[in-house]
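Protein chains in written order, with the working numbering: chain F, 35 to 372; chain B, 853 to 1443; chain C, 177 to 772; chain W, 23 to 291. C-beta: ideal position from N, C-alpha, C; glycine also. For clarity, every value in this text was computed on a predicted model and none was experimentally measured.
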Amino acid sequence: MAQEHCVIIGNGPAANQAALTLRENSSDARITIVGQEPFPHYRPHLLPEYIAGRLSQEDLCVNTPAFYKECGIKVRLGQKVVHVDFNKRELVLDHKEVISFGGLIIACGGKQRIPEHLQVFDDLMLTLKTPADAAQWIEQLSQVDSVLIVGGDLTSLSLTKALLSLEKRVIFMLNEDSFWPVPLCNELSEKIKHMLTERGVEVIKAGRIKRVTRVSDRSIEVETDNKTLRVGILGAFFGMTPNVKFLARSGLDIERGVLVDEYLQTRFDLVYAAGDCAQVYHPTIKDYWVSIGYQNAINLGKIAGLNLLGGMLSVDASPESIFFVDGIIVNTSWWTEF
Amino acid sequence: MPVVDVTVEVCGMAGDGTIAAGGLINEAMSDGGFSVLAFDSYPAEIRGFGRCVTRSRIGNEEIVALEDKTHVLISLNDEQARSRVPFLSENSMIFFDSNPAVYVREDKSLVSELDPETILFGMPFNDIATASAGTTRGRNLTALGCFAAICGAPHDLFRGVIIRKFKSKGEKVLQTNLRSFDAGFDYALEHFSNRIKSIFLIPDKVGGPKKVLLSGNQAIGKAAIDAGLKLYFGYPITPATPIMEYLATHLPALGGRVIQMEDEIASIGAVLGSFYAGTRAMTATSGPGFALMTELITHGVMAEIPAVIINAQRGGPSTGLPTKTEQSDLHAAVFGGPGDSPRIVIAPTNVAECYHYTVKSFQLAEKYQTPVILLADFYLDNRVENLPMPEASESEKSGSNVLPENSLKGSYRRYEITESGISPRALPGMEGFIFSATGLEHTQTGVPDYSPENHMLMTEKRHRKITGALGDLPSPEEFSSGGKLDVGVIGWGSTFGSILEAVTSARNRGLRVGGLKITSIFPFHESVIRAFMNRCSEILIPELNYAGQLANLIGYIHSKDVVRLNRVTGTPFPPSAILEKIEYLVQVGDE
Amino acid sequence: MKNKDRYPPDNSISSNKTTNNVVYSTDPADFFYVGVNIPCQNACPAYTNVPAYIRCLYEKSYDRSYQLNRIVNLLPGVLGRICSRPCENKCRHGEPELGKPVGICHIKRSAADGKNPDQSYTEYLFPPQGKTVCVVGAGPAGLAAAHDLSSIGFAVTIMEALDEPGGMLRYGIPEFRLPRAILKSEISSALRIGVTLKTGIKVGTDVSVQNLLDDYDAVLIATGCYVPRPLAIPGEDLAGIHSGLKFVMQVASGSPPRLGRSVVVIGAGFTAFDCARLALRLEAEESAICIRATEQDLRVTKDEILEAKREGVKVKALLLPQRIIGNEKVEGVEFVRTRPEEVLPNGRRRVVPIEGSEFVLPCDSVIVAIGQGSEPIASPGEKDERGVLIGDRITYRSSVPNLYVTGDFMTGPTTVIECIAGGRRVAEKIAEDLTGKKFREWAVRLEEATTTDRERSWDFIPRREMPTITPIENRFNSIEAEVELGFDCEEGIKESQRCYLCYLHYEIDITSCIYCRYCIDVAPRDCIKMVNEVITNEAGAITGLVETSNWREVNAVVIDNSRCIRCGECIKVCPVDCISVSKVELVERTLQGRRN
Amino acid sequence: MKTKGKVLREGVHRIKESRVFDIRSEALPTWCPGCGYFGIHQGLNNCIQKLGLAHHKVVIVSGIGCAGRSLFFTRTYGLHTVHGRTLPVATGVKTANPELTVFAVGGDGDGLAIGGGHLPHVARRNVNVNYLLFDNSIYGLTKGQPSPSSPVGMKSKASPSGTIDKPLNATLLALTYGASFVARLFAGDPDSICRALIEGVQHPGFSIFHIYTSCVTFDKEFKTWANLKKWVHPLPQDHDPSDLRQAFDRVLDDEFSVGIIYKRTDIDK
């Protein structure tokens, strides 16, 4: 293994932790990180701060390119994996380059989840996952003064803070689907509602969204069961779903995410998954969970790295941070921040 | 306005439309008011090991040389473009086809070579082009469209140029190209909207005189026409062919003719014949062809028939490196050929000089009745600069040094020995001046004569004539703050641009350094050069040849050995290399 | 009728006016070729000549396009809506890097929508054979069999237990997916050639199979699968539990049961999705489908899943029901988590329940749609353990002379197109058994072509999505409203342009090739190869190419038709015209037919 | 007609068995895809194979130009000379070692323009050199200037208003110069090239093969594949190659009849 080519799909916390772990424990492995985004590894949960102007893009970055050169880790940015052939042990990039791998760690993270019935309005909603998204927010915020947030998840809360600091009018539609990843039990819903209204956010209940239309380049009309609202920006926050579409035909077990055992191993030799894209089956809780959040990602990345090198570490289920959402169990380390 | 200084490369296989794409970039940027210096290199096989690269340095201040580093690379063929990766600057931008016909393994892929900080713009050029125009023929334009969109170059700026370039090729071709370009432009806007970089901020009003894009070859062609060229004889050879092609397009309208001969031997012969009969003619060739010509050139020296020969130098002996640049014909030009055969050799250093010295060559050739060789080179001939349209004054062109009719006093001596060494020239058809020109050693009347006295007299006369021409030749030009200099850099031909850039940046760093540009290769201004050398503690002569041919020619003038800096990479001299050497010399000088 | 002699008596694209030289081959190598190189036609149980009918649609000859379907599938309008589309999974346009598969099924519907309504289809009829056949069951299999038997010249009677013909199509598929008018008209066009239809007769009770055997020369049982398979878990008898099929049938006959607020559907097939979607059209507010494996493993079409989700249906994966909770009325279902294992040969995913991962999903009613089994009929002949008559998968014979079985009744639940194919095959067999003659045969039709019929730019047309009723709310206004609206003429043609026309076969004549590689230079992908050797199977069909880039070893330049996207660029440039194109189609030929 | 699986396999196998391509280089030719030179290359290779010539006993001498590259793609002894001087060098090789089979190859520019002066003399001397003149009527390597065999009026960057010089007819020249074996061929028909070469090689004396071919990259109008295929046709059955007068008549009447046009029979071996 040690001499073979270890490829890591993804450039998030899990991916980078995995890469560094591999490097620390195997000096001569050839390591490549393939990241879909053009940005170097950054801290996604700080994006709202960046939007608020309190951080620069540099502040978001974790390491410098030079750092990776020193570690002898090849980083490919803005390159998308479109297919993985586990028999030939090759992966194909969207510009049709074929890369062979000995070991593989899938840590491609999650992508913004939009409920099917809202997908038709995709291009009218803003989400927040990448610096590119942030740039869009910054650009549009300069022109509008009101924002409607539907769904609501942990990102949306920190974003709300940022928006308030920019003196924007924020409306929060709390009852769109479940609050994610935390199930919106009344007690918690009240807690959040209180927290928001205290800060001057209008929290409304408006039922399902029926229609979204752009009336002018500065305003969008949102029609729900019982309301019609005009706002500058419509922000959709339904949390993450693992970003594993490209594995569909590969023969890997995919449900919400890549199904792995507690050692993060897939059905294939030397192929592991870590971070937001892994759906881990855990014997102690007798169920699958998808872990969300920076800290979890780092832990999983480390374990995947070590196990790929022959380790037998199992992930801990940290039961106190597990929630049942949308038919799957979610393990997050973010929610405790509130 | 921020300083713009960007080097853009298009790289592809010959046949990919690489050169065309590069040309469009230059035109557009020139129209946009930038100064442009561009240089293409294309292969000896049309599709063989056929790498084509165009490099355009674009800036809003004057540009005298190429940059070593590339900031934008447009790849029309990834396998070829891989070779350009080492030349990329940090955070460079790459445009490449994201959906090539076949899958590529990691070790053959362009992208795999790149640093993470490289900014990737992968777009399916082929598909976009085909989808928009039904053919992949316009994929180079598609790539250009993407480039234009991303770099914030105005859409209509490029469209304007494309229309100008292709309308003659018929509506179909034009539309194909426009559609392909637009498709690329729109695709980029749609898919990379968040990554647009406004690099090329076009100044609202373009200052100064209207500039035109000229290659060295075009400048030479135009100069010849302005100088009253009537006949051109030539044989296709890289890199001189474009001169013939330029003249073939423009000369006939002015009553001149371009005649493609069966080889260089015939070409120079016809040129001599034409001048003999009093018509200005020219031929252009490169090393191999020039070698064929030497015998007839010396015939011109001997028979004192004017001729203008352009030698666009390329690389290596024999067929050598037909598509690479080198300055290794200096010896051949000055000394090549049988016997003592002094001839005038001039070497321009930029496109403007290509123009003015070509004009001058005709004047000198006729005044001194001898072949004049203009030493250009691949880089100088094919580089494109934008400059105000050059014009030649009457005094620059005029004078054929032919005796007026009925001016005969006594008997006519075609090869009369005079103080200047210049003999009275007459043309066939003039009454009472009948004479025979011959390549045999001859008397003042042109009668063959091998007597020792005669040969000594005549040889001496022919040399005196050439030395005397010095007064009419462009004198060396110095670039320094005067006074004592730690290092003096002397150069010629296309290399001098790089020298000037190096010297300038050295001076900006406070070094006592100066440059001397020599354009008169033979005869040369010994006294001027000596004066300069005496003020310098070190003399550095960078040349694109192995032997240091200029150093060999003028080195003896310096009190101590001159420092040679020689390169035979086939590529233009990188300013950085010269700067490095200068700094080194200054250092050792201090110790 | 003008179009009578416009086309040859087989389902091939070309008009028989063609001067091109045509050959019918039954060489196994040619069948193999079709299997590999015309993936869509090969994937279709009825071997529909897909490229041909798509091409016809492009040429706006809707009638011919419809007929090409109708020859092998007597319900094109129906299948154009509810087919399970095995062809699209195999479509070459869907290969990685080539985009999405052609909307073959949608185009089929366009042909049906576009064809001249009062243009009745030309049948190829044989003289009367003076024999009688009784077909039991008017579902897709029965109808297909009855139609073919009748066209071959038998006097055919169909006995149908329910009031209307169509079987599952009529009762098992909700109207919002399949409007009844379409079904009616296509069934009557199938029966118009002289089939007698008797409805409301339940064979086995109203009349015995033995009687039928006495009255008819042959009897065919095609009564399908109507016996819901039970979950076989505790609590299945509680109130509020419905069988999927029965539920759909109740809705279809206008008497839907009460469901309550939240519905859990157990099952992974079309019926399960129909139930979940119907539930939302009735009183239910929440409707969740619970599947044992993952969404990946679902057999229903992607559109089906998407539309269901857009309507608010939730899909909950990796769940195995353990028992149903509640006293006399359903209160919830207890599930256990599963872990997916390997994919079984039958394409199904094996799952293992995870010890101790049980949990309860509360709900008001449960719909069990995990498939059905055949209903035993009192009849002579060998039966299986469930008492269902056994039929031979090749001969379709039962152990009793002149008694045949087909369709889902024989195979268990399959797809509509499989049933239609089965119906046609059994018809052939019965005809052969009764007359000792062969009436139709499959052959590979090869025809020299001159043009490629395609433009490269068509390859970049994006797949047209099927327009549906939006906003979603409007779907719930009426329970019949068909959700999919169908392509308009333009969309249909645009989509049909996307088809690569894989019936085109490109070939380089190596005896005149000069190896100049011009074709490779213009090829859009690695479809033309420098080859050292060609590998074939014992039938003599190409199974592999040994490539090389060593000039010394390049023995031939070969077009790999399994990679070729039929763009025709190579033909345009070949200096020595050594590339030929021909049309290769799998067609069914009428052997001694007579037209009516 | 069938889908030719078996046929194809056997065909390819036959080629493989014949080892006809052993003489090729490993590297792919650098000619543009579609270049007619591939056809000639094919014919030459087949000829060497069919004659069973030992590869090391074969020398190919070539000039400058695309045609000049041939020898890099054929594994025999090769000598790449300067522009237009092919024939003299080939003469030297042959006279120095008569045991060698010598092929001289060059384009129309190389053979009719710069080297045009050499053809008459090598023909006069009747040196046993086999000269393949690749005639695509254009300068390919210098990007499409007119060549001596370009038709009157051919437009190019070097002749924007069309050439006015009459084209040379290599076959006619060869006859006129007294070449003892003259064949005119078409690059699109490697078999007949091969057959003619075999006869030419066996012919004791100078043989010239004037081969019409196409430059797909620069000639879009004149000698395109389409046109050549239209124009070229075999010599009439009754043509008698031993009759010089008839040969002249053929060539004068018809520019595009291909085959062995003249073969002097009165040479003692």
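Where residue i falls: helix, strand or coil (DSSP)
i        : result
D181(C)  : At D181(C) the pLDDT is 39, less than 50, meaning the model places this residue with poor confidence and gives no usable figure here.
N708(C)  : strand
T103(W)  : coil
I1286(B) : coil
P168(W)  : strand
I898(B)  : Residue confidence is low: I898(B) scores 48 on pLDDT, short of 50, so the model does not pin down where it sits. No coordinate-derived value is stated.
L250(W)  : helix
M865(B)  : strand
M881(B)  : helix
L56(F)   : helix
V963(B)  : helix
N1238(B) : strand
Chain-ordered neighbours of residue i on chain F, where CB pairs are closer than 8 angstroms
i       : result
Q243(C) : Correct list: empty, because the minimum Cβ distance to chain F is about 35 angstroms.
Identity of the residues DSSP links to residue i by a beta bridge
i        : result
E39(W)   : Paired residues: none, contrary to the question.
S199(F)  : Answer is none; S199(F) lacks a bridge partner.
V305(F)  : L138(F)
N152(W)  : F125(W), S229(W)
C466(C)  : I442(C), K492(C)
S1223(B) : The sequence shown places Pro at residue 1223(B), rather than the Ser named in the question. Beta-bridge pairing links P1223(B) to A1159(B).
Rounded C-alpha distance that separates residue i from residue j
i        : j        : result
P798(B)  : A1403(B) : For residue 798(B) there is no data in the structure shown, the boundaries of chain B being 853 and 1443.
D883(B)  : P1061(B) : 12 angstroms
K336(F)  : A53(F)   : 8 angstroms
R1457(B) : I1406(B) : Missing from the structure shown is residue 1457(B); chain B here goes from 853 to 1443 and no further.
A1321(B) : G1335(B) : 30 angstroms
N774(C)  : T202(C)  : Outside the modelled stretch of chain C, which goes from 177 to 772, sits residue 774(C), for which no answer is possible.
R231(C)  : V734(C)  : 26 angstroms
A448(C)  : G348(C)  : 11 angstroms
Contact list for residue i against chain F, beta-carbon separation under 7 angstroms
i       : result
R515(C) : Y315
Contacts that residue i makes with chain C (C-beta to C-beta distance below 9 angstroms)
i       : result
V954(B) : A699, R701, D702
N951(B) : E273
Per-residue contacts from residue i into chain B (C-beta, under 9 angstroms)
i       : result
S725(C) : Within 9 angstroms Cβ-Cβ: nothing; S725(C) doesn't reach chain B, min ~12 angstroms.
Chain-ordered neighbours of residue i on chain W, where CB pairs are closer than 9 angstroms
i       : result
R728(C) : F43, D44, I45, R46, S47, E48, R97
Closer than 8 angstroms at the beta carbon, the chain C residues around residue i
i      : result
I37(W) : I686, N731, A732
Pairs of beta-carbons, one from the segment 661-676 of chain C and one from the segment 622-638 of chain C, closer than 8 angstroms: are there three or more? By the Cβ criterion, the segment 661-676 of chain C is in contact with the segment 622-638 of chain C, since at least three pairs of Cβ atoms, one from each stretch, lie closer than 8 angstroms.
Whether or not the segment 644-653 of chain C and the segment 277-287 of chain C are in contact is what I'm after, with contact meaning three or more pairs of Cβ atoms, one per stretch, closer than 8 angstroms; do they touch? The segment 277-287 of chain C vs the segment 644-653 of chain C: no contact.
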